[in-house]
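Here's the structure, in structure tokens; my notes come after.
There are 2 protein chains.
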Amino acid sequence: MKEPTPRQKEIVNVAIRLIAGKGMPYLTIKHIAEEIGISEPAIYRHFDSKHDILMAVLGHFETVSLRIRDQLQRQNGNGLEQIRRFMFDRYALFSDNPDLAKVLFAEEMFMNDEQLAKKILGIMHQHRDLLFNAIQKGQKEKEIRSDIDADHLFHFIVGSMRLLVNRWSFSGFAFDLKHEGSTLWQAVEIMIKPD
Amino acid sequence: MKEPTPRQKEIVNVAIRLIAGKGMPYLTIKHIAEEIGISEPAIYRHFDSKHDILMAVLGHFETVSLRIRDQLQRQNGNGLEQIRRFMFDRYALFSDNPDLAKVLFAEEMFMNDEQLAKKILGIMHQHRDLLFNAIQKGQKEKEIRSDIDADHLFHFIVGSMRLLVNRWSFSGFAFDLKHEGSTLWQAVEIMIKPD
DNA sequence: GATATATTAGTTAGTGATAACTAACCAATA
DNA sequence: TATTGGTTAGTTATCACTAACTAATATATC
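From first to last, the protein sequence lines are chains A and B.
Going by the working numbering, the first residue of the first sequence is number 141, and it counts up by one from there.
Going by the working numbering, the first residue of the second sequence is number 141, and it counts up by one from there.
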């Protein structure tokens, strides 16, 4: 868990940009090197293998995710407010880093390699736990309806968010994600409130 | 739009199985040929290029989708019933063909090639129209709540279904999709009904 | 403080594996 | 006799990665 060097951070950022822009097959050591402006073997002074670069990409996602989680836990609002903040944080994050949205919500791209798959499933599990707990907390506090399983509510909330982000991504970021996310949240709020 | 020959169908099925099982990078002409038990160049007697094979894979998805759509339109139920049948049909389809679920809900894999991307976006649009119309119909018929935009309802319904199928797929098909899909639908029904 | 040494981050050139695809040929069948 | 669907033996391109070398800088020793 060492801090990456500036050059390593640069390589990771270029990798994310290349994957988002031209797809995983385009991510080659050669293209990364060209983008940075150094030779191909120079990349290997900073990472032992391509696999390690992809692990570092996922490591970056993990870091960002943990930062958001810790922020949420410090603020310590009620269940509903925690979910709202989580959603808005993510819409803001993706708006500022569209490449990140494109790569992070296309998990299949990492699923070929066992180690990468394990790492990304870990990140997903983290998110799930966070939201699941917030939903259950909201149900206990009577801010969220209890006639529907927390599990199903989770599917609504996260599923609709993911679909929105995916549509935004496929559209070439053609609409204002923060605005659409906000109106989607209003609809979510109406539906998950108690009768 | 010619009917594919038996050998072409075989190649398409093998391609889907390989993509689902080992990921897109594993889909090579060599592996397809090995799986079928013929030589590599023999594949080129049936398809001009690898790209054409992938187009045929998407053509297969399109055919399946159109079949479901026509079936739905013939039955001509009310809006809510149409949505319900659509969902159950898809859960049944995926339960019988897990490979199809794995590939069809991983659109990013086709997004590198412009032509493939266009085709898959067309299929997605078709689904969207179908469900969107059913939702609006249900709202007119007062079976579905009108205090929430059809667009947002679409995100709930489809988003939650996609998330469920993806989780099923990532879990290695570890639970009964038809059963979980059915309980998810009950929750959907409660939430989208009018107050 | 000057000098020797080690480390860092780069270079050019090249390796072996594998990808998509082609050429040329052949046996069975329409 | 032409077509269909196979074969073996290649081609060219590109991949991840290595070998060997070098300039510049940091560090240690006298």
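Yeah, the Cβ is synthetic: ideal placement off N, Cα and C, and Gly gets one too.
Please read all numbers here as calculations on a predicted model, not as lab measurements.
With distances taken between CB atoms, is the gap from residue i to residue j smaller than 8 Å?
i: A:Leu293; j: A:Ile332; result: yes
i: A:Gly321; j: A:Leu304; result: yes
i: B:Arg225; j: B:Leu240; result: no
i: A:Arg205; j: A:Ile263; result: Note that residue 205 of chain A corresponds to Ser in the displayed sequence, not to Arg. Yes, the pair counts as a contact, with Cβ atoms nearer than the cut-off.
i: A:Glu254; j: B:Met249; result: no
i: A:Ile288; j: A:Ile223; result: no
i: B:Asn252; j: A:Lys162; result: yes
i: B:Phe228; j: B:Asn306; result: no
i: B:Ala160; j: B:Lys259; result: no
i: B:Leu324; j: A:His267; result: no
From what residue to what residue does the alpha helix (DSSP H) around residue i run?
i: A:Asn216; result: That residue, A:Asn216, is in no alpha helix (DSSP H); it is neither H nor E in DSSP.
i: B:Asn252; result: Careful: B:Asn252 lies outside any alpha helix (DSSP H) and carries neither H nor E.
i: A:Asp289; result: Unbroken run through A:Asp289: none, as it is neither H nor E.
i: B:Gly161; result: Pro146 to Lys162
i: B:Lys242; result: Pro238 to Leu244
i: B:His171; result: Ile169 to Ile176
i: A:Glu320; result: Leu317 to Ile332
i: B:Ala182; result: Glu180 to Ile183
Within its chain, find whatever has a CB closer than 6 Å to the CB of residue i; leave out the 5 residues flanking it on each side and keep chain order.
i: A:Pro238; result: Phe313
i: B:Phe235; result: Note that residue 235 of chain B is Ser in the sequence shown, not Phe. Cβ within range, chain order: Leu317 and Lys318.
i: A:Ser286; result: Gln279
i: B:Leu261; result: none
How many Å lie between residue i and residue j at the Cα?
i: A:Gly378; j: A:Lys277; result: Any property of residue 378 of chain A remains undetermined from this structure, which presents chain A solely from 141 to 335.
i: A:Val197; j: A:Gly177; result: 20 Å
i: B:Met195; j: B:Leu256; result: 6 Å
i: B:Ser179; j: B:Ile169; result: 9 Å
i: B:Glu174; j: B:Ala155; result: 12 Å
i: B:Asn216; j: B:Leu271; result: 13 Å
i: A:Trp308; j: A:Phe315; result: 7 Å
i: A:Gln326; j: B:Arg209; result: 31 Å
i: A:Phe310; j: A:Met164; result: 16 Å
i: B:Glu281; j: A:Ala232; result: 38 Å
i: B:Glu143; j: B:His265; result: 24 Å
i: B:Asp291; j: B:Pro181; result: 48 Å
i: A:Arg214; j: A:Arg230; result: 17 Å
i: A:Val328; j: B:Arg207; result: 33 Å
i: A:Asn273; j: B:Asp188; result: 53 Å
Identify, in the order they occur along the chain, each residue of the same chain with its Cβ nearer than 7 Å to the Cβ of residue i, setting aside the five sequence neighbours on each side.
i: A:Tyr364; result: Because residue 364 of chain A is not part of the residues shown, which for chain A are 141 to 335, the question remains open.
i: A:Glu202; result: Ile263
i: A:Asp269; result: none
If I measure Cβ to Cβ from residue i and keep anything under 8 Å in the same chain, skipping five residues before and after, which residues do I get?
i: A:His186; result: Thr145, Arg147, Gln148 and Ile151
i: A:Ile284; result: Gly219, Leu220, Ile275, Gly278, Leu293, Ile332, Lys333 and Pro334
i: B:Ile172; result: Ile151, Val154, Ala155, Leu158, Ile183 and Ile193
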